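First the structure, in the form of structure tokens, and then the observations on it.
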Amino acid sequence: MRISIVALAVVVVGLTYAAGTATTSAGKPVTAADTRPLPRVTLITDSVGGVLFWAADARAELAQGLDLRLETKTCRKLIAVGCYAYGETPPSALETIQTLGAELGPLVVIDVGYNDRPDEYAEALDTVMRALLDAGVKQVIWVTLEETEDVWVENNAIIRAAPKRWPQLVVADWAPVAAANPSWFADLAHMNGEGAFGFARFLRPIILTTCGPPCVPPPPATALARMLPPTVGARFAVIRWQGNEVATTYDLAVESRRGPWRTLASRLGTTTYRLRGRPGEHLQVRVRARNEADQPGPWSTPRKVQFRATGRAR
């Protein structure tokens, strides 16, 4: 996960959250399974989608496995400059698109329209779509607006009709989800912390589906383990094993001459186990590793364990 956040000011219930340019990154140690470049996804929004700026955990959930660039400005409009706020006049979505160009990546999410007039919105949408395609963008997700104002209802009708003209455009119909969850909102449009998670979880499957294979994480690498020589006494044996770089926990099983394999322990966080036996008893032990997704790998080749008859350690 890589996240770039650019120039935001958010207003929520009369409280102002102002921020300048910031860049953060987060993620897990890279393994052989996830060394490919992360797919770039750019989200261009006003202060409504800008909730993801200050709701860092929700933003991280949305960005998992993506190179997410968040371009957010209070009072942003589609093609006209927005209203003056926090010491600046925000650039339009169009200006941001023209400035970034190829940096946008192949997939862009647009969540802009709360400050636009319905009689200008269709033409502005078409202008933005042409600019996105000229910049090399392959697919566009356009988020509908909350429908708590008549003008937003009218803009939504324009958004929902747009795929007929623009096959590259996918509508993310946020409006009915927002209407069904009033507790997510601090006012008619801006979300609270709970709403930020709701918004991120609404957007993520649409992004992954629209993006397709480039945004589908690779299958977790197989966890492998192999048995090492044990230390054997008359009544106890210390069983040892080794896992590969993606192994996180282990299952251990034993077989005696009188019965089938049975599990001794599951999801062990160690690579040793103290096994009890009887003097002279013959057993076989095997181990398998689990990866971070808790998927088990294959069982190892069994190793024979013979407890000493004399009680002296070997």
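First residue of the sequence shown: 137, per this note's numbering; consecutive thereafter. Using N, Cα and C, we set each Cβ at its ideal position, and we do this for glycine too. Note that the coordinates shown come from a computational prediction; the quantities given were computed from them, not determined experimentally.
* Taking only runs of the beta strand (DSSP E) that begin and end inside the segment 358 to 430, which ones reach a length of at least 3 residues, in chain order? -> 361 to 368, 372 to 379, 385 to 392, 398 to 404, 408 to 412, 418 to 426
* Own chain partners of GLY447 with C-beta closer than 8 Å, once the 5 adjacent residues on each side are dropped -> For the purposes of this step, residue 447 is taken as residue 311 along the sequence shown, with counting starting at 1. At GLY447, the pLDDT of 48 sits below 50, so the modelled position is not reliable; the number obtained from the coordinates is stated separately. Cβ neighbours of GLY447 beyond the five flanking positions: GLY369, ALA370, ARG371, PRO415.
* From GLU239 to PHE189, what distance separates their C-alpha atoms? -> Here residue 239 refers to the residue found at position 103 of the sequence shown. Here residue 189 refers to the residue found at position 53 of the sequence shown. When rounded, the distance between both Cα atoms is 20 Å.
* **Touch test, the segment 332 to 348 against the segment 194 to 204, Cβ-Cβ under 8 Å, three pairs minimum** => With a cut-off of 8 Å, the segment 194 to 204 and the segment 332 to 348 count as touching, because enough Cβ pairs lie within range.
* Report the partner residues of PHE321 according to the DSSP bridge assignment. => Indexing the sequence shown from 1 puts residue 321 at position 185. In DSSP, PHE321 forms a bridge with MET327.
* **Beta-carbon proximity list for VAL264, same chain, < 6 Å, skipping 5 on both sides** => On the sequence shown, residue 264 is found 128 positions in, with the first residue counted as 1. LEU214, ALA229, LEU230, listed in sequence order.
* What residue does the alpha helix (DSSP H) around GLU290 start on, and which one ends it? -> The residue given as residue 290 occupies position 154 in the sequence shown. Here the alpha helix (DSSP H) through GLU290 covers 286 to 297.
* Asked: If THR280 and TRP320 are in contact, beta carbons under 8 Å, what's the gap, nearest whole angstrom?
  -> On the sequence shown, position 144 is the one that residue 280 refers to. On the sequence shown, position 184 is the one that residue 320 refers to. With 8 Å as the limit, THR280 and TRP320 do not qualify as a contact, their Cβ atoms being about 15 Å apart.
* alpha helix (DSSP H) containing ARG459: first to last residue? -> An answer regarding residue 459 cannot be provided, because it is not within the stretch 137 to 450 covered by the chain.
* To do: Sort out for me which residues DSSP pairs PRO221 with in a bridge.
  => To locate residue 221, count along the sequence shown from 1; it is residue 85. Residue identity check: residue 221 is Ala in the sequence provided, not Pro. GLU224, per the DSSP bridge assignment.
* Are at least three pairs of beta-carbons, each pair with one atom in the segment 326 to 337 and one in the segment 388 to 400, less than 8 Å apart? -> no
* CA-to-CA distance, LEU360 to PRO434, given in whole angstroms -> If you number the sequence shown from 1, residue 434 lands on position 298. If you number the sequence shown from 1, residue 360 lands on position 224. PRO434 and LEU360: Cα-Cα distance of roughly 7 Å.
* Exposed unless 16 or more other CB atoms sit within 10 angstroms - verdict on LEU268 -> Along the sequence shown, read from residue 1 onward, the residue named residue 268 stands at position 132. By the neighbour-count rule (16 or more Cβ atoms within 10 Å), LEU268 is buried.
* Helix, strand or coil at THR346 [DSSP, three-state] -> Taking the sequence shown and counting its residues from 1, one reaches residue 346 at position 210. THR346 falls in the helix class under three-state DSSP.
* Tell me whether the beta-carbon of LEU388 lies closer than 7 Å to the beta-carbon of VAL423. => As a position in the sequence shown, residue 388 is number 252, starting the count at 1. As a position in the sequence shown, residue 423 is number 287, starting the count at 1. Yes, the Cβ-Cβ distance between LEU388 and VAL423 is below 7 Å.
* Asked: With ASP247 and THR181 assumed to form a contact (beta carbons below 8 Å), what rounded beta-carbon distance in angstroms separates them?
  -> To locate residue 247, count along the sequence shown from 1; it is residue 111. To locate residue 181, count along the sequence shown from 1; it is residue 45. Right, the Cβ-Cβ distance comes to about 4 Å (below 8 Å), so this counts as a contact.
* Paired residues, beta bridge with ILE215 - DSSP -> One-based indexing of the sequence shown puts residue 215 at position 79. DSSP output for ILE215 lists no bridge partner at all.
* In whole angstroms, what is the alpha-carbon distance linking ALA357 and TYR386? -> Numbered from 1 along the sequence shown, position 221 holds the residue referred to as residue 357. Numbered from 1 along the sequence shown, position 250 holds the residue referred to as residue 386. So the two alpha carbons sit approximately 15 Å from each other.
* To do: Determine the direct distance from the alpha carbon of THR406 to that of SER436, and round the result to whole angstroms.
  => Within the sequence shown, numbered from 1, the residue matching residue 436 stands at position 300. Within the sequence shown, numbered from 1, the residue matching residue 406 stands at position 270. Their backbone Cα atoms lie some 16 Å apart in a straight line.
* Identify every residue that forms a DSSP beta bridge with ASP309. => Mapped onto the sequence shown, residue 309 falls at position 173. DSSP lists no partner for ASP309.
* To do: Below 6 Å CB to CB, which residues in the same chain sit around THR367 once its five sequence neighbours on both sides are set aside?
  => For this step, residue 367 is matched to residue 231 along the sequence shown. Answer for THR367: VAL374, listed in chain order.
* Asked: Residues in its own chain within less than 8 Å of GLN234 by CB, not counting five upstream and five downstream?
  -> Taking the sequence shown and counting its residues from 1, the one referred to as residue 234 is at position 98. The answer, listed in chain order, is ALA267, ALA271.
* Name, in chain order, the residues that DSSP records as bridge partners for TRP278. => Working through the sequence shown from its first residue, we reach residue 278 at position 142. Answer by DSSP bridge pairing, in chain order: ILE246, VAL307.
* Of the residues PHE333, SER392, GLY395, LEU404, which one's Cα is nearest the Cα of GLN378? -> If you number the sequence shown from 1, residue 378 lands on position 242. Selected option, being the one with the closest Cα: LEU404.
* Among ASN380, TYR257, TRP278, VAL313, nearest to THR284 - alpha-carbon criterion -> Against the sequence shown, residue 284 aligns to sequence position 148. Of the listed residues, the one whose Cα sits closest to THR284 is VAL313.
* Whose C-beta lies closer than 6 Å to the C-beta of LEU419 among residues of the same chain, with five residues either side of it excluded? -> For the purposes of this step, residue 419 is identified with residue 283 of the sequence shown, where counting begins at 1. Within the same chain, LEU419 has close Cβ partners VAL390, SER392, VAL441.
* What did DSSP end up calling THR160 once you bin it into helix, strand or coil? -> Position 24 of the sequence shown, counted from the start, is the residue given in the question as residue 160. Because THR160 carries a pLDDT of 31, less than 50, the predicted location of this residue cannot be relied on, and the following value inherits that uncertainty. Here THR160 sits in strand by DSSP.
* Asked: Counting contacts by CB-CB distance shorter than 7 Å, is ALA293 in contact with chain E?
  -> The question asks about chain E, but that chain is absent: this structure has only one protein chain.
* Span of the beta strand (DSSP E) around ASP182 -> For this step, residue 182 is matched to residue 46 along the sequence shown. No beta strand (DSSP E) holds ASP182; DSSP gives it neither H nor E.
* Determine the direct distance from the alpha carbon of PRO355 to that of GLN431, and round the result to whole angstroms. => The residue labelled residue 431 in the question sits at position 295 within the sequence shown. The residue labelled residue 355 in the question sits at position 219 within the sequence shown. Distance between the alpha carbons of GLN431 and PRO355 is about 11 Å.
* To do: Could you tell me the distance, in whole angstroms, from the CA atom of PHE333 to the CA atom of ARG195?
  => By 1-based counting over the sequence shown, the position of residue 333 is 197. By 1-based counting over the sequence shown, the position of residue 195 is 59. Going by the C-alpha atoms only, they are around 8 Å apart.
* Asked: Hey, LEU243 and VAL177: beta-carbon distance below 7 Å or not?
  -> Here residue 243 corresponds to residue number 107 of the sequence shown, with the count starting at 1. Here residue 177 corresponds to residue number 41 of the sequence shown, with the count starting at 1. In this structure, VAL177 lies closer than 7 Å to LEU243 by Cβ.
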